[in-house]
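Right, one structure below, let's go through it.
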């Protein structure tokens, strides 16, 4: 699988059929084509690299063994995503990881390193980016499982709602609803990150000097 | 990324934050190596078994083999049933037990109808609809021998309504009959460790002979695993609301 996934001109569907027919290399080629994106989905769904590796491995095993049950009514990549996402969700459910469980403090998020590499000469910007991403991911981890999975696929990975509905095995309206409810919760958790400049958030206004008392200070207690 | 789609400002802002937090890049090398090792093991397993996923389509021969296994298992279960029957409390006469078992099997037999939804697609979907009558007839015969030997429902681990199907199938694991049924279901299905406390239902899982293992409920949840016989790892693990 570590080979470059461009050495085979066959389509995804042809590769899957070849695997079903006994081609020993076809599945590795197919999975390698989509591995990076499947990894991204697993990583963001599970919340940490260790669990993501477990989920992706489970999904790969399931896809390898169940290739014969592929019905051909969706794109192969949609089917692969569905199998991997199901594997991840199953793992989370089985492990009783609940929505309020925070990400481990020592999460090594390689995605952050890659995405912020453009700021190598701006350490402050790198730190701000990393902090913002950490807060977004922490907030994401607090969402109910179904909302999290929908947002990872729609908002993070950019898949169309219709395709995500096939991946998650639910109606398009359900995907939209899960995304909407998830975003609403995240908006409340990340208010300070998404308030546009010049539009101060609700709450205490910024201070330009010492806070002025609104009532007369209390004197010493009377005897 | 998705285009801006007229979302309210707060939701659009969150969408952008999420898009910015997406992961780019390949898995780390240790994960790639692990996947490579796993894939190599799968290939070896496949070569050793000398079966390709394509043969899953050959349901006829598989079912004949399964029926053979079932008949062999029937003999051993009858022996086990006689032995265990001395130790288990009796909830009623033999006739009552038989009718209860048949009722349970009937409920199992209803599950494959959900596969009719995908009846126009290739591969596994066709086997579900095309053999329904035959399946029910054989279930009836084998239920007469022993409730644990019925071929059970046809399940697919990626079915949308799998949870609902499993709730319908869920047995009462506290009865002596279910213990016998679980014991029978485990016969001829190597490689699956159901543990000490579990209710086991025999099933066709993804076109293969398999088991559904209902774990002991914990609090409000009950873990359920779908196995393909000969494979120690479940093909699907789910959590149901506790009965």
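Protein chains in written order, with the numbering used here: chain L, 656 to 878; chain F, 55 to 297. For glycine and all other residues, C-beta sits at the position ideal for the given N, C-alpha and C.
Exposure label - residue i; buried when at least 16 CB within 10 Å
i, result
"residue 76 (chain F)", "buried"
"residue 262 (chain F)", "buried"
"residue 779 (chain L)", "exposed"
"residue 89 (chain F)", "buried"
"residue 713 (chain L)", "buried"
"residue 295 (chain F)", "exposed"
"residue 794 (chain L)", "buried"
"residue 695 (chain L)", "buried"
"residue 85 (chain F)", "buried"
"residue 666 (chain L)", "exposed"
"residue 98 (chain F)", "exposed"
"residue 213 (chain F)", "buried"
"residue 756 (chain L)", "Summary for residue 756 (chain L): the model assigns pLDDT 45, below 50, so the residue's position carries little reliability, and this model does not support an answer."
"residue 267 (chain F)", "buried"
"residue 699 (chain L)", "buried"
"residue 67 (chain F)", "buried"
"residue 206 (chain F)", "buried"
"residue 95 (chain F)", "exposed"
"residue 803 (chain L)", "buried"
"residue 62 (chain F)", "exposed"
For residue i, the first and last residue of its enclosing beta strand (DSSP E)
i, result
"residue 291 (chain F)", "290-295"
"residue 729 (chain L)", "First-last for residue 729 (chain L): undefined, no H or E at that position."
"residue 278 (chain F)", "275-282"
"residue 256 (chain F)", "252-259"
CB of residue i within 7 Å of CB of residue j, strictly
i, j, result
"residue 801 (chain L)", "residue 817 (chain L)", "no"
"residue 289 (chain F)", "residue 211 (chain F)", "yes"
"residue 796 (chain L)", "residue 702 (chain L)", "yes"
"residue 220 (chain F)", "residue 257 (chain F)", "no"
"residue 733 (chain L)", "residue 811 (chain L)", "no"
"residue 675 (chain L)", "residue 722 (chain L)", "yes"
"residue 842 (chain L)", "residue 74 (chain F)", "no"
"residue 738 (chain L)", "residue 707 (chain L)", "no"
"residue 819 (chain L)", "residue 806 (chain L)", "no"
"residue 245 (chain F)", "residue 285 (chain F)", "yes"
"residue 798 (chain L)", "residue 837 (chain L)", "yes"
"residue 80 (chain F)", "residue 691 (chain L)", "yes"
"residue 239 (chain F)", "residue 223 (chain F)", "no"
"residue 789 (chain L)", "residue 848 (chain L)", "no"
"residue 731 (chain L)", "residue 688 (chain L)", "no"
"residue 293 (chain F)", "residue 726 (chain L)", "no"
Boundaries (first-last residue) of the alpha helix (DSSP H) holding residue i
i, result
"residue 720 (chain L)", "704-720"
"residue 684 (chain L)", "681-701"
"residue 267 (chain F)", "First-last for residue 267 (chain F): 262-269, but that is the beta strand (DSSP E), not the alpha helix (DSSP H)."
"residue 97 (chain F)", "83-103"
"residue 781 (chain L)", "778-796"
"residue 61 (chain F)", "Segment: none, residue 61 (chain F) is in no alpha helix (DSSP H) and carries neither H nor E."
"residue 670 (chain L)", "667-675"
"residue 808 (chain L)", "Run containing residue 808 (chain L): none; DSSP gives neither H nor E here."
"residue 820 (chain L)", "816-823"
"residue 222 (chain F)", "216-223"
When you compare the stretch 275-293 of chain F with the stretch 251-263 of chain F, are there three or more beta-carbon pairs, one atom per stretch, that lie closer than 8 Å? With a cut-off of 8 Å, the stretch 251-263 of chain F and the stretch 275-293 of chain F count as touching, because enough Cβ pairs lie within range.
Report the start-end ranges of each alpha helix (DSSP H) in the stretch 826-850 of chain L that is 4 residues or longer and not cut off at the edges. You should have 827-844 and 846-849.
Inter-stretch contact at 8 Å, needing at least 3 Cβ pairs: the stretch 737-746 of chain L / the stretch 677-684 of chain L: In short, these stretches do not touch, since the Cβ pair count stays below three.
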